[in-house]
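In the numbering used here, the protein residues as written are 1 to 302.
The beta carbon of each residue, even a glycine, is placed where N, CA and C say it ideally should be.
Worksheet: the structure to be examined is printed underneath.
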Amino acid sequence: MLLVVGGTGDLGGRVVRLLRDQGNEVRCLVREGSDDSELRRLGVQVTSGDLTEPGSLAAACQGIATIVATATVIARRLAGAKKPSIKEADEVGMASLVDAAEAAGVRRFVYISFPGVEDASGSPLELAKLAIEKRLERSTLQRVVVRADAFQEIHLAPLGRFDLAAGKVAVIGKGNSRRRWISTADVAALLAAVAVEPDPPTLIEVGGPEAISRNEAVAIAEALIGRPLKVQHMPRLVARLAVRLLSRSNDGLASVFGTGLLQDVRAADWDDEPLRRRGIEPRSATTYLREQVRLLADTQKH
Ligand SMILES: NC(=O)c1ccc[n+]([C@@H]2O[C@H](COP(=O)([O-])OP(=O)(O)OC[C@H]3O[C@@H](n4cnc5c(N)ncnc54)[C@H](OP(=O)(O)O)[C@@H]3O)[C@@H](O)[C@H]2O)c1
């Protein structure tokens, strides 16, 4: 049986659907009060628990061969949740899950991270990802760390301040580093594949099929939409200061600046080969933007 931790989330939910479509038995650890109706409809065994409650993790790991861990508290922190912090959930809590997995004799641990965490600015999310990667390196578990580039649905969308409807985009730094913006569905397909394939690598760095900078993404969107977008620039130095100043008071926002900065500092030297070799035909950033512009035109018509 596989355990998915984060199954009520966007990425985690997609992984669960794919694993169930392939006929796998799946258990999900779900926080008290979270909506688990879709998971139950998919035939998932739901167990109540929380990354910050080690006892619940020990119970959830019993009889599990593989864990896929996608959980993160950043969305709730950005929405104003007072507790837990990113450190408490994504770092300390996720480390407790690794401890529980080892104690229960779990074989494989699939973990989602992002490329470049080792030379990132030190925002709470980056520190958590790095700490868990290191914890897994010391672990007896068979680890599969998937470092995925920035998700199209987050970073080329209003949440990532790439807002076509409002005609506004924010660019941290110069905006010239070419990144391989990846579709969440493609990341989910990769996680579901490495969760069950016989001999997966310990580390996979992956992105979408097209390497374009944020500035190039803006130019593509402007051409598709037929008018200029208002671009607001934040210098790297200001973003670095924001990470440092906000890390304690607003760990969600500090992490948004941190990952934005990382995307500007580090160009992609990874590609979509891990997807293609598993038969996953990846969606390009331009295709995603074209779909968004079409959706926007449809909503404006009605
Ligand atoms: N965005 C990017 O560009 C990017 C790039 C690389 C990697 N990633 C990683 O990809 C993952 C994104 O996952 P997603 O899209 O599924 O995120 P999401 O939609 O925000 O879902 C987060 C999940 O974590 C669960 N969770 C939060 N706090 C928890 C806790 N204390 N105990 C147990 N579960 C908890 C949530 O449960 P509730 O529903 O109950 O809150 C939910 O199931 C993250 O790990 C992120 O760091 C993202």
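State yes or no: is the C-beta of P54 nearer than 7 Å to some heavy atom of ligand 1?
Indexing the sequence shown from 1 puts residue 54 at position 54. P54 has its CB no nearer than 7 Å to any heavy atom of ligand 1.
Is any heavy atom in ligand 1 found nearer than 7 Å to the beta carbon of D50?
In the sequence shown, counting from the first residue as 1, residue 50 sits at position 50. Yes, the Cβ of D50 comes within 7 Å of a heavy atom of ligand 1.
Starting from the Cα of L289, find the closest Cα among S255, W181, T299, G207 and give me that residue.
Here residue 289 corresponds to residue number 289 of the sequence shown, with the count starting at 1. L289 has its Cα closest to that of W181, out of S255, W181, T299, G207.
Please classify R179 as buried or exposed, where buried requires at least 16 other C-beta atoms within 10 Å of its C-beta.
Here residue 179 refers to the residue found at position 179 when the sequence shown is read from its first residue. A residue is called buried when at least 16 other Cβ atoms come within 10 angstroms of its Cβ; R179 meets this threshold and is buried.
Contact test: T47 Cβ vs ligand 1 heavy atom, cutoff 7 Å:
The residue labelled residue 47 in the question sits at position 47 within the sequence shown. T47 Cβ: outside cutoff for every heavy atom of ligand 1.
Thinking R240 and S121 are a contact (beta carbons under 8 Å), I'd like their distance in whole angstroms, please.
On the sequence shown, residue 240 is found 240 positions in, with the first residue counted as 1. On the sequence shown, residue 121 is found 121 positions in, with the first residue counted as 1. Right, the Cβ-Cβ distance comes to about 6 Å (below 8 Å), so this counts as a contact.
Sorted by chain position, which residues of the same chain lie with C-beta nearer than 8 Å to R236's C-beta, five sequence neighbours on each side aside?
Position 236 of the sequence shown, counted from the first residue, corresponds to residue 236. Only residues of its own chain outside the window of five on either side were considered, and among them I172, G173, K174, L261, D264, V265 have a CB closer than 8 Å to the CB of R236, listed in chain order.
Does the CB of A58 have a neighbour CB from chain B at under 8 Å?
As a matter of chain content, chain B is missing from the structure shown, which is built from one protein chain.
Is A148 near ligand 1, judged by its Cβ being under 7 Å from some heavy atom?
As a working note, residue 148 is residue 148 in the sequence shown. The answer is yes for A148.
Nearest residue (CA-CA) to A170, options N176, F162, S177
Counted from its first residue, the sequence shown places residue 170 at position 170. Nearest of N176, F162, S177 to A170, Cα basis: F162.
Would you please state the rounded distance, in angstroms, between the beta carbons of V187 and V110? I believe it to be under 8 Å.
In the sequence shown, the residue the question calls residue 187 occupies position 187. In the sequence shown, the residue the question calls residue 110 occupies position 110. At roughly 11 Å, the Cβ-Cβ gap does not stay under 8 Å, so V187 and V110 are not in contact.
Determine the direct distance from the alpha carbon of G13 to that of G33, and round the result to whole angstroms.
Locating residue 33 in the sequence shown gives position 33, counting from the first residue. Locating residue 13 in the sequence shown gives position 13, counting from the first residue. Approximately 17 Å between the Cα atoms of the pair.
Assuming contact is defined by CB atoms lying nearer than 8 Å, are E205 and R147 in contact in what I supplied?
On the sequence shown, residue 205 is found 205 positions in, with the first residue counted as 1. On the sequence shown, residue 147 is found 147 positions in, with the first residue counted as 1. Yes. Within cutoff.
Taking 7 Å as the line, does the beta carbon of A89 fall inside it for any heavy atom of ligand 1?
To locate residue 89, count along the sequence shown from 1; it is residue 89. Between ligand 1 and the CB of A89, the shortest heavy atom gap is smaller than 7 Å.
Is K83 helix, strand or coil when you go by DSSP?
The count along the sequence shown starts at 1 and reaches residue 83 at position 83. Coil, per DSSP.
Kindly indicate which three-state DSSP category V106 falls into: helix, strand or coil?
Taking the sequence shown and counting its residues from 1, one reaches residue 106 at position 106. It is coil, neither helix nor strand.
Below 8 Å on the Cβ atoms is my contact criterion, and I expect A202 with V256 to pass it. Report the Cβ-Cβ distance as a whole number of Å.
The residue labelled residue 202 in the question sits at position 202 within the sequence shown. The residue labelled residue 256 in the question sits at position 256 within the sequence shown. At residue 202 the sequence reads Thr, which differs from the Ala that was named. Rounded, the Cβ-Cβ distance is 29 Å, inconsistent with contact.
Taking the alpha carbon of C28 as the point to measure from, which residue in R40, Q22, D21, L18 has its own alpha carbon closest?
On the sequence shown, position 28 is the one that residue 28 refers to. Out of R40, Q22, D21, L18, R40 has the C-alpha closest to the C-alpha of C28.
Alpha carbon to alpha carbon, what distance is there between S85 and R17?
For this step, residue 17 is matched to residue 17 along the sequence shown. For this step, residue 85 is matched to residue 85 along the sequence shown. So the two alpha carbons sit approximately 29 Å from each other.
Distance between S213 and A69 (C-alpha atoms, nearest Å)
Indexing the sequence shown from 1 puts residue 69 at position 69. Indexing the sequence shown from 1 puts residue 213 at position 213. C-alpha separation (whole angstroms): 29 Å.
Any idea what DSSP makes of H155, helix, strand or coil?
Your numbering for residue 155 matches position 155 in the sequence shown. DSSP places H155 within a helical segment (H, G or I) once states are collapsed to three.
Here's the rule I'm using: 16 or more other beta-carbon atoms within 10 Å means buried, otherwise exposed. How should Q45 be labelled?
Along the sequence shown, read from residue 1 onward, the residue named residue 45 stands at position 45. Within 10 angstroms of the beta-carbon of Q45 lie fewer than 16 other beta-carbons, which makes it exposed.
Let me check you understand the geometry: is the CB of R283 closer than 7 Å to at least one non-hydrogen atom of ligand 1?
Within the sequence shown, numbered from 1, the residue matching residue 283 stands at position 283. Result no, Cβ not under 7 Å from ligand 1.
Between the beta-carbon of V196 and the beta-carbon of L136, is there less than 8 Å?
If you number the sequence shown from 1, residue 196 lands on position 196. If you number the sequence shown from 1, residue 136 lands on position 136. The answer is no: Cβ separation not under 8 Å.
Give me the Cα-Cα distance between E88 and K82, rounded to the nearest whole angstrom.
The residue labelled residue 88 in the question sits at position 88 within the sequence shown. The residue labelled residue 82 in the question sits at position 82 within the sequence shown. Cα-Cα distance, rounded: 12 Å.
Nearest to A58 by alpha carbon, out of P124, V73, A101?
Counting from one through the sequence shown, the residue named residue 58 turns up at place 58. Among P124, V73, A101, the Cα nearest to that of A58 is on A101.
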